[in-house]
Amino acid sequence: MTAHPTGQTETVITLCPSGPMLVRGPVSIVDADGRPIELHRSTIALCRCGKTSIAPFCDGTHKLLHRREASREG
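Residues 25 to 98 (the working numbering) make up the sequence shown, in order.
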C-alpha cells in the first residue's frame, strides 16, 4: 500500500449522516472506464445522494435536498 501524502498508511471511511462519505488516507479511485481519478486533497468527500454536479465528489447538494424535504414536511 502506498503512503498517503500526510504519511497516513491506514484508510478510514466515515459515513456522514445525510451527507457524504469521507475518505481519509491512501486510496485510488477509478471511473467507470477504469481510468484513475486524480485526487487533490488529503480527505475526500464522495457523494451518496447522487445529485452532485462534480461526481463522484460531494458538492453539498444534499444540504439543499434536505432543506426542501423539511420545508415540505412543515
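Ideal Cβ positions, reconstructed from N, Cα and C, are used throughout, including at glycine. All figures in this text were calculated on a predicted structure; none of them were measured in a lab.
Distances from the CA of K75 to each of T67, V54, L39 and K87 were compared; the closest alpha carbon is that of K87.
C-alpha of G49 to C-alpha of C40: approximately 17 Å in a straight line. Under the 10 Å beta carbon count, V47 is surrounded by 16 or more other beta carbons and is classified as buried. Between T33 and G43, the alpha-carbon positions lie close to 25 Å from each other.
Taking C-beta atoms as the reference points, V51 and T35 count as a pair closer than 8 Å. Excluding residues up to 5 positions away in sequence, nothing lies with its Cβ nearer than 6 Å to the Cβ of E97 in the same chain.
Here A69 is buried, its C-beta having at least 16 other C-beta atoms within 10 Å.
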